[in-house]
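Taking it in order: structure first as structure tokens, then the write-up.
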Amino acid sequence: MSKKTKKKKKLEEKNTIIRVENVSKFFRVPHQKIDSLRGMFVSVFSKKTYEEFVALEDISFDIKKGEFVGIIGKNGSGKSTLLKILAGVYMPDSGKVVINGRISPFLELGIGFNPELSGRDNIYLNATILGLNRREINEKFDKIVEFSEIGRFIDQKVKNYSSGMQSKLAFSVAIHANREILLMDEVLAVGDVAFQKKCLNIFENYKNQGKTVVLVSHAIDTVEKYCDKVVYLSNSKIKKIGSSKEVCDEFLRDNLTKEQLKEMKQNEGNCI
Amino acid sequence: MKNKKHESYKDLIWMLAITDFKLRYQNSVLGYIWALLQPLMMFAILNFVFSSIFAPNGEIEYYALKLITSLMLFTFFADGTTAGLRSLVAKSQLVTKIYVPRWTIILASSLNALMIFLTNLVIIIGFFAWYKVLPTISAITMSFVFIVVLYLLILGFSFFTATLFVKFRDLEKIWNVVIPAMMYSAPIIYPLELLPEEYHKYILLNPLAFIAHFNKEALINNHFATVSQYITFFTIVIVFFGLSIWSYNKQSRKIAEYI
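Residue numbers (this note's numbering), protein chains in the order written: chain A, 792 to 1063; chain B, 318 to 576.
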């Protein structure tokens, strides 16, 4: 125990809020999936074969307090698995993750939302799941409603909301329920244009508040604009890690054809 | 810090339990009446069949009262274990999209079952008033202990099966068949005395049968089990609960990958 606290102190001195050390993750993909007791009894004498799928291999990096870190890579490169390990949903098969603060994971918006409940009840439910206690929710409730632009519909059942309203409400709870460390998986902008603008403003404010953000995204321009550091995953390994401009450029060079790159250069400045 | 974290789990467990409870009754008075009607209808059918059609050895004293008391306890067990078995799969979002300790979800499900049972307690009290039977203080205390133990059995069962159900999806079908088997193997619709005496001690090894039998014996006849019977009973319950926690710890680590 004392060893652990010592280690935590050491991390604090270096201002490191997340440390990922040699993390690997494998998934076993059985050739014949057994998902019932019946299946288990039937196949008890047959040999179980499976393929090992490597989702992450020997990943190490540090994140300092107040840093904005982007994780980029092609589909299936292990981005979301990494984020899930940081969130504590998956256990790494080897290596370890040390986290020195409280995490708000936004892998999906509106976790626990129930369409049969009112907007009010859903705010309390969702915010509690995100780790707020009752007193904190009471304090923030008016702000959440105001930001979501739901107004007088707040006591209506959520099943009567439009899908835009639902995601606005979910997003609004999410941004008010945050802790020191935010993990985000492609949830940056929802709703109409005006609402998206508001969301990006909030995101910029996190910088001033000294929050640490880990962002998984395919929107390279957003990553390049907001992140200080980018981790580029390719085939379950870190291909490059460094300043956002450098890494994003390499990622684009790797993944786009010459024509697409040219097109992007022309459009530069037009995007958000 | 650690304390604060614990408190937030308390809020979470309570919120999950109360939400399911609210959804069941849909915030309406009629919803509550419907919830009461379900076990009452079951009682009415069984009471009719076994006191009119198959009445064994003529009238059994207070048959209806004994039946409703045991039936309510059994409904608590059946509903609680079924909901507990499903709990993790039903709330899979809480397992795969965020980290909350998995036991909070299972605990919330069992608390929800407890709340439903406590609201249904009105029926039992009503029946005792109707038959003008007043249990002694020690009988009521004993009944309270039985309810607590029954709750622990449901919780233990939920810890045991919720994690297994993630991997073995036919477990629910199996359980749906086992439940009626358990109901007929325990002295719920019949008195224990109906069976040959040499089998009593084996039947009472089943904690559910023990609770069903001695709960109605205590409340109606003011008759209690012997010390050695209690020792056996509590040993079985504690061993079962311990095994379920052990199984949960073993199974719960990799659940997010299978769900």
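Built from N, CA and C at the ideal position, the CB exists for glycine as well.
1) If the cut-off is 7 Å on Cβ atoms, which residues from the stretch 938-954 of chain A count as contacting chain B, listed in chain order?
2) Using a Cβ-Cβ distance cut-off of 8 Å, determine whether methionine 432 of chain B contacts chain A.
3) Name the DSSP bridge partner or partners of serine 851 of chain A?
4) Count the other C-beta atoms from every protein chain shown that fall within 10 angstroms of the C-beta of phenylalanine 986 of chain A, then say buried if there are 16 or more, exposed otherwise.
5) Isoleucine 537 of chain B: which of B:Thr436, B:Glu378, B:Ile330 sits nearest, CA to CA?
6) Three-state secondary structure (DSSP) at isoleucine 1029 of chain A?
7) How would you call leucine 908 of chain A, buried or exposed, if buried means at least 16 neighbouring beta carbons within 10 angstroms?
8) Can you look up isoleucine 920 of chain A in the DSSP assignment and give me helix, strand or coil?
9) With a cut-off of 8 Å, does the C-beta of asparagine 891 of chain A fall near any C-beta of chain B?
10) Pair every Cβ in the stretch 820-827 of chain A with every Cβ in the stretch 996-1014 of chain A, then say whether three or more of these pairs are closer than 8 Å.
11) Strictly by DSSP, which residues pair up with lysine 948 of chain A?
12) Looking at leucine 435 of chain B and tyrosine 468 of chain B, is the spacing between their C-beta atoms short of 8 Å?
13) What residues in the stretch 909-930 of chain A bring their beta carbon closer than 8 Å to a beta carbon of chain B?
14) Should leucine 411 of chain B be listed as close to the ligand MG, given that the test is whether its C-beta is under 7 Å from any heavy atom?
15) Excluding the 5 residues preceding and the 5 following alanine 503 of chain B in the sequence, name in chain order all residues of the same chain whose CB lies nearer than 6 Å to its CB.
16) Quick check: leucine 847 of chain A and glycine 869 of chain A, are their CB atoms within less than 8 Å of each other?
17) Can you pull the chain B neighbours of leucine 874 of chain A, defined as C-beta to C-beta under 7 Å?
18) For arginine 810 of chain A, write down the residues that DSSP places opposite it in a beta bridge.
19) Report the rounded CA-to-CA distance for proline 949 of chain A versus glycine 942 of chain A, giving the unit in angstroms.
20) If you draw a straight line from the alpha carbon of tyrosine 342 of chain B to that of proline 356 of chain B, how long is it in whole angstroms?
21) Report, in whole angstroms, the separation of the C-beta atoms of lysine 816 of chain A and aspartate 884 of chain A, which I expect to be a contact under 8 Å.
22) How many angstroms separate the CA atom of glycine 886 of chain A from the CA atom of tyrosine 547 of chain B?
23) Just to check my reading of the structure: arginine 486 of chain B and aspartate 826 of chain A have Cβ atoms closer than 8 Å, yes? What is that Cβ distance to the nearest angstrom?
24) Tell me which residue opens and which closes the beta strand (DSSP E) that isoleucine 935 of chain A is part of.
25) Can you give the beta carbon distance from serine 561 of chain B to glycine 443 of chain B, rounded, assuming they're within the 8 Å contact cut?
26) So valine 860 of chain A is in the alpha helix (DSSP H); what residue range does that whole segment cover?
27) For a quick check, are the C-beta atoms of glutamate 1041 of chain A and tyrosine 1023 of chain A less than 8 Å apart?
28) For isoleucine 558 of chain B, report the span of its alpha helix (DSSP H) as first-last.
29) Based on Cα-Cα distance, which residue from B:Thr336, B:Phe367, B:Glu514 lies nearest to isoleucine 433 of chain B?
30) Output yes if chain B places a C-beta closer than 8 Å to the C-beta of phenylalanine 962 of chain A; else output no.
31) So leucine 340 of chain B contacts chain A; which residues on that side make the cut at Cβ distance below 8 Å?
32) Identify whether glutamate 378 of chain B lies in helix, strand or coil by the three-state DSSP scheme.
33) Is any beta-carbon of chain B found at less than 8 Å from that of arginine 810 of chain A?
34) Pick out whichever of B:Met389, B:Leu522, B:Val544 has its Cα sitting closest to the Cα of phenylalanine 557 of chain B.
35) How would you write the range of the alpha helix (DSSP H) that leucine 877 of chain A sits in, first residue to last?
With the given structure in hand:
1) Against chain B - using a Cβ distance shorter than 7 Å - the stretch 938-954 of chain A contributes no residues.
2) Answer no: the Cβ-Cβ gap between methionine 432 of chain B and chain A never drops below 8 Å.
3) In DSSP, serine 851 of chain A forms no bridge with anything.
4) Its Cβ being crowded by 16 or more others within 10 Å, phenylalanine 986 of chain A is buried.
5) Checking every option, the nearest Cα to that of isoleucine 537 of chain B belongs to B:Glu378.
6) Strand, per DSSP.
7) Buried.
8) In the three-state scheme derived from DSSP, where H, G and I count as helix and E and B as strand, isoleucine 920 of chain A is classed as helix.
9) The beta carbon of asparagine 891 of chain A does not come within 8 Å of any beta carbon belonging to chain B, so the residue lies off that interface.
10) Touching, no, given that fewer than three Cβ pairs across the two stretches are closer than 8 Å.
11) According to DSSP, which records beta bridges pairwise, lysine 948 of chain A is partnered with A:Ser909.
12) No, Cβ-Cβ distance for tyrosine 468 of chain B and leucine 435 of chain B is not below 8 Å.
13) Answer set for the stretch 909-930 of chain A: Asp912, Tyr915, Leu916, Thr919, Ile920, Leu921, Gly922, Leu923, Asn924, Arg925.
14) Absence of the ligand MG from the depicted structure is noted, as is the absence of any ligand whatsoever, leaving it without description.
15) Within the same chain, alanine 503 of chain B has close Cβ partners Leu525, Ala526, Ala529.
16) Taking 8 Å as the Cβ cut-off, leucine 847 of chain A and glycine 869 of chain A qualify as a contacting pair.
17) None at all; the shortest Cβ gap to chain B is about 11 Å.
18) Answer is A:Asp853, A:Val889.
19) It should be noted that the sequence gives valine, not proline, for residue 949 of chain A. So the two alpha carbons sit approximately 13 Å from each other.
20) CA-CA distance, tyrosine 342 of chain B to proline 356 of chain B, rounds to 15 Å.
21) Here lysine 816 of chain A really is in contact with aspartate 884 of chain A; their C-beta atoms are around 5 Å apart, less than 8 Å.
22) For glycine 886 of chain A and tyrosine 547 of chain B, the distance between alpha carbons rounds to 49 Å.
23) In this structure, arginine 486 of chain B and aspartate 826 of chain A form a Cβ contact; the two beta carbons are roughly 5 Å apart against a cut-off of 8 Å.
24) Premise fails: isoleucine 935 of chain A lies in the alpha helix (DSSP H), 925-939, not in any beta strand (DSSP E).
25) In fact, because the Cβ distance is near 34 Å, the residues do not count as touching under 8 Å.
26) That residue, valine 860 of chain A, is in no alpha helix (DSSP H); its beta strand (DSSP E) goes 859-864.
27) Result yes, Cβ atoms of glutamate 1041 of chain A and tyrosine 1023 of chain A sit closer than 8 Å.
28) A small fix is needed here, since residue 558 of chain B is phenylalanine in this sequence, not isoleucine. Where phenylalanine 558 of chain B is concerned, the enclosing alpha helix (DSSP H) stretches over 544-568.
29) Ranking B:Thr336, B:Phe367, B:Glu514 by CA distance to the CA of isoleucine 433 of chain B puts B:Thr336 first.
30) For phenylalanine 962 of chain A, the answer is no, since every Cβ of chain B falls outside 8 Å of its Cβ.
31) Residues of chain A with a Cβ closer than 8 Å to the Cβ of leucine 340 of chain B are, in chain order, Asn905, Glu907, Leu908.
32) If DSSP states are grouped into helix, strand and coil, glutamate 378 of chain B belongs with coil.
33) No, arginine 810 of chain A does not count as interfacial toward chain B.
34) Taking only the C-alpha atoms, the option nearest phenylalanine 557 of chain B is B:Leu522.
35) The continuous alpha helix (DSSP H) containing leucine 877 of chain A extends over residues 870-878.
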